[in-house]
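Data block below; observations after.
Protein chains: 2
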Amino acid sequence: MSSKAIEFAQHQQERFVEELKSLLRIPSISTLPEHVGDVRRAAGFIAEELRRIGMENVRLIETASASHPNGHPLVYADWLRAGADRPTVLCYGHYDVQPAEPLDEWISPPFEPTERNGNLYARGAVDDKGQMWMHVKALESLFAANEGRLPVNVRVIVEGEEEVGGEGIAAFVREHGDQLRADVALVSDTEMFAPDLPTLCVGLRGMIYTELEVRGGRTDLHSGMYGGTAPNPFVALAQIVTKLKDEEGRILIPGFYDCVARPTEEELKAWKALPFDEEHYRKTEVGSSELTGEPGYSVLERTWARPTLDVHGMPGGFIGAGAKTVIPARALAKISMRLVPDQTPTEAFAQYKAYVESIAPRGVEIEVRLIHSGDPIVVSTDNPYVRAATTAMREVFGVETVFVRGGGSIPIVGDFVRELGMPTLMMGFGLPDDNLHAPNEKFHLANFHRGIESILRFFSLVAA
Amino acid sequence: MSSKAIEFAQHQQERFVEELKSLLRIPSISTLPEHVGDVRRAAGFIAEELRRIGMENVRLIETASASHPNGHPLVYADWLRAGADRPTVLCYGHYDVQPAEPLDEWISPPFEPTERNGNLYARGAVDDKGQMWMHVKALESLFAANEGRLPVNVRVIVEGEEEVGGEGIAAFVREHGDQLRADVALVSDTEMFAPDLPTLCVGLRGMIYTELEVRGGRTDLHSGMYGGTAPNPFVALAQIVTKLKDEEGRILIPGFYDCVARPTEEELKAWKALPFDEEHYRKTEVGSSELTGEPGYSVLERTWARPTLDVHGMPGGFIGAGAKTVIPARALAKISMRLVPDQTPTEAFAQYKAYVESIAPRGVEIEVRLIHSGDPIVVSTDNPYVRAATTAMREVFGVETVFVRGGGSIPIVGDFVRELGMPTLMMGFGLPDDNLHAPNEKFHLANFHRGIESILRFFSLVAA
């Protein structure tokens, strides 16, 4: 059956890409209140397509509530008529995207999808609209090749809050997890380790995203008149930040490393065998004069298996062109930490908050807020679904799959593993230079099509 | 003659305030390119009024040039027919204002002047449109009381770039200083030490306003994928800032204090005698839990006679609501230093730049830019103009004038003193809680009227 479906997918490549472009034109930026209508429009677009290809029970599930007023809807669909002897696969993706700033660095506008050199450029191209669309198109090809039937039972859940912490889907999993019950979850929101190297991601860092607010004077003050007596919130923030992480990159929060688990020797050995050129990575991916980070750990360890701390922005004061001589009454730092097994967000945030409060500079008041968090995870590689996935990808790519971890966070994966006890396959087709969360995000179109084929082969293999 | 002029001014109080409101409605924010038309409109408004009251040779002097493309015009006027035996007074003020942000902290909108509790609230109310308007209204009252004549020769120069460094007027003074030649300059852009306490300001701090740019990766990067290897420009800026100033407030730039002159013993003694309540100042003016600054110096010394360093804003990265997990490619810090005699901006900037370059963290590139600067000054108190000013204010306020310094910078005062060799009187009528450069800037209207009377008495006294 899969050969007919592959043929269908190959004949429809152009249409699949055009449809994806339509979805990418919707600026479904979940963190910006002014885009709430666009986020909902993207959800509707996907629901309609799921219905069209033959999925059943398609519906939007509202996540907004009194305690979660800015919730965006989940898109749900299923097709459960493959028979009780066939496994059930839960397909997960997200349709929300990161903000597109800085806009002036995009070569083509972020919400006008543009093909160049075999890539499709747009915000969300690979993270995650394009990869989610691979699932939809694999399902469509299987329906088309099999008289409206699928080889396995399938549930689809697509969320609109992944980029803002995924609170809505987490609550849904906690409260209505049985509605997502499946034998395995398939998540395509990660990347391949290298072009042409099929990859399964078997671990993700968790995170806590915080805001640290510092308040000094009663109001903004003139730095001529009050420079020398008024506490400066930015100077205070600078003092706090330098006490959070030393100049070599070690986090200084007491106890922060206590629960950090070392990867197994086997894992470390496998990572060393991966085709990785640190100098190439520095030049083409990071692009800085030097790499930074904890001494004594390789790049892969530092980004996969070590916690980190970053500052994302420092709102407040005067940020226009030119000069304003203000000592601002308040300033903020947006600070996040990536966590690794066996750290927990709750413990890490408590350690961070207590430490920051203990080092608050004189003359200022500070407030530490948790914006969102996600658990770090490692998933099992010893099950038939992993074997089906690696077989499927070997058939498409012609080489063996590598197991890697990811430095980022997909909060829901932790929930699938912990709440629903499901093995989770992170089978992603992005590339390391796809500019996730950055200007000129892209998806290599060959990988979009190879992803569709890998996924439909996977469905056929797990049915066997 | 002054009694007739005083009577005129008293009868016209209401109109004077209404006219000032019209001027305050023009958002002449010199640092923001989008307000360039408003800045010019304010210049025209003042020129028209100077013409109407009887001043001569009224004209706008363009300051924009190839090397100074964002120049705003000077407003010039004179009336030089009092006779060669009468002194010439140069009245200086500025019609440009600071940006009004943060807008949501204004009780009434910044450009809708509103009277409350005897105060006029608006951006520019006291700094400096209201104080400049005192000059115009004192001149109008003298013309009206004296058949269209003034007791002294008067030149008026009003600039539109004071809040952005005053480059245009500085160039004009250098190149055409003879057109401003006078026996004394009168500047009303400072404040009274306390309500009801007439004050002459005899010293000002200088400044250098800089931008420090830090660049890390080639583009914005995802903190999940690159946290642990990519240099973070905000973390680098924090490290630099904490090395610029220690936690007690001492500036750490090598050589920075070498040229700092200690005030005379007499000055320090006079400052100690001023009615100053540090706890009241902390609570009502600064409003922080504690005052900060160099140990071993009083508040007045720290704000008048010691250099300081402040951070005004840190543009870059993500500053919206919510979360974006970006390691920005670049971030900026707007950093200024206040200078005191005998420091010079040139030397201070060179010291700062060399030091910052020497402490740049690994993995980032830095660029240090000078946005503008002004020299620190102290002015003479031993001349007949100072005596006329103190007599005038004693007649109005009933108490003796105190001599203070100011922590802020009025760059042109240094040019008047150095380039034109003019004694300069800084006779200001602001109050310490007038919220200069901050939300809810105000001018106490009683001081507006007492200022007009003091100025017209001063003109009459120097004529005698």
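First to last, the sequence lines map onto chains A and B. Our numbering puts the first residue of the first sequence at 17, with every later residue one more than the last. Our numbering puts the first residue of the second sequence at 17, with every later residue one more than the last. In this text, a Cβ means the ideal position worked out from N, Cα and C, and glycines have one as well. Since the structure is predicted, the reported quantities are computational estimates derived from the model, not experimental observations.
For the segment 357-386 of chain B, the set of positions with a beta-carbon nearer than 9 Å to some beta-carbon of chain A reads Pro377, Arg378, Gly379, Val380 and Glu381 in chain order.
Taking aspartate 54 of chain A as reference, the option from A:Asp112, A:Lys37 and A:Asn73 with the minimal CA-CA separation is A:Asp112. Close CB contacts of proline 167 of chain A within its chain, under the 6 Å cut and outside five residues either way in sequence, are with Phe475, Ser476 and Ala479 (chain order). Per DSSP, the continuous alpha helix (DSSP H) segment holding leucine 253 of chain B begins and ends at 249-260. In the three-state reduction of the DSSP assignment, alanine 408 of chain A falls in the helix class. When the Cα atoms are used, arginine 466 of chain A and valine 418 of chain A turn out to be separated by approximately 16 Å. When Cβ pairs closer than 8 Å are counted between the two stretches, the segment 327-343 of chain B is seen not to touch the segment 263-277 of chain B, the count staying below three. The Cβ of lysine 288 of chain A sits no closer than 8 Å to any Cβ of chain B.
Taking the Cβ atoms as the reference, threonine 245 of chain A lies roughly 11 Å from glycine 303 of chain B, outside the contact range of under 8 Å. Interface annotation for the segment 106-139 of chain A against chain B: Gln114, Pro115, Glu117, Pro118 and Glu121, criterion Cβ-Cβ distance under 8 Å. Within chain A, not a single residue places a beta-carbon under 8 Å from that of glycine 312 of chain B; the smallest gap is close to 12 Å. Rounded to whole angstroms, the gap between the alpha carbons of arginine 298 of chain B and glycine 379 of chain A is 10 Å.
Proline 377 of chain B carries a coil assignment under DSSP once its states are collapsed to helix, strand and coil. Per the DSSP secondary-structure output, threonine 130 of chain B pairs in a beta bridge with B:Tyr137. DSSP places aspartate 194 of chain B in the helix class (H, G or I) of the three-state scheme. Excluding residues up to 5 positions away in sequence, Phe334 lie with their Cβ nearer than 7 Å to the Cβ of lysine 340 of chain A in the same chain. Here asparagine 451 of chain B is buried: its Cβ has 16 or more other Cβ atoms, across all protein chains shown, within 10 Å. For glutamine 255 of chain A, the C-beta contacts it makes with chain B under 7 Å involve Thr258 and Glu263, in order along the chain.
Note: glycine 332 of chain A is bridge-paired with A:Ala347 in the DSSP secondary-structure output. Per DSSP, the continuous beta strand (DSSP E) segment holding aspartate 94 of chain B begins and ends at 90-95. Within chain A, no residue has its CB atom less than 9 Å from the CB of histidine 151 of chain B, the nearest being about 22 Å off.
For tyrosine 225 of chain A, the residues of chain B that pass the 8 Å Cβ criterion are Ala339 and Thr341, in the order they occur in the chain.
Under the DSSP assignment, histidine 151 of chain B falls in the alpha helix (DSSP H) whose first and last residues are 145-161.
Within chain B, the residues Val302, Leu307, Thr308, Gly309, Val315, Arg318 and Thr319 have their CB atoms less than 7 Å from the CB of threonine 245 of chain A, given in chain order. For asparagine 463 of chain B, the secondary structure class from DSSP, reduced to helix, strand or coil, is helix. The CB of methionine 442 of chain B never comes closer than 8 Å to any CB in chain A; the least such distance is about 13 Å. Fully contained in the segment 386-446 of chain B are the following beta strand (DSSP E) runs of length 3 or more, in chain order: 418-422 and 440-443. When CB distances to chain B are screened at a threshold of 9 Å, the residues of the segment 325-338 of chain A falling below it are Leu325, Asp326, Val327, His328, Gly329, Met330, Pro331, Gly332, Gly333, Phe334, Ile335, Gly336, Ala337 and Gly338, in chain order. Glycine 184 of chain B has its alpha-carbon roughly 29 Å from the corresponding atom of leucine 472 of chain B.
DSSP places alanine 63 of chain B in the uninterrupted alpha helix (DSSP H) bounded by 52-69. For tyrosine 225 of chain B, the uninterrupted beta strand (DSSP E) segment begins and ends at 222-231. Annotation: Cβ neighbours of aspartate 236 of chain A in chain B (cutoff 9 Å, chain order): Glu117, Pro118, Glu121, Asn451, His453, Ala454 and Pro455. Counting C-beta pairs closer than 8 Å gives three or more between the segment 429-443 of chain B and the segment 386-398 of chain B, which meets the contact rule. Using a CB distance below 8 Å, the part of the segment 416-441 of chain B facing chain A consists of Gly422, Gly423, Gly424 and Ser425, ordered along the chain. The straight-line gap separating the alpha-carbon atoms of glutamate 191 of chain B and threonine 79 of chain B is approximately 12 Å. Looking at the DSSP output, isoleucine 77 of chain B shares a beta bridge with B:Leu90.
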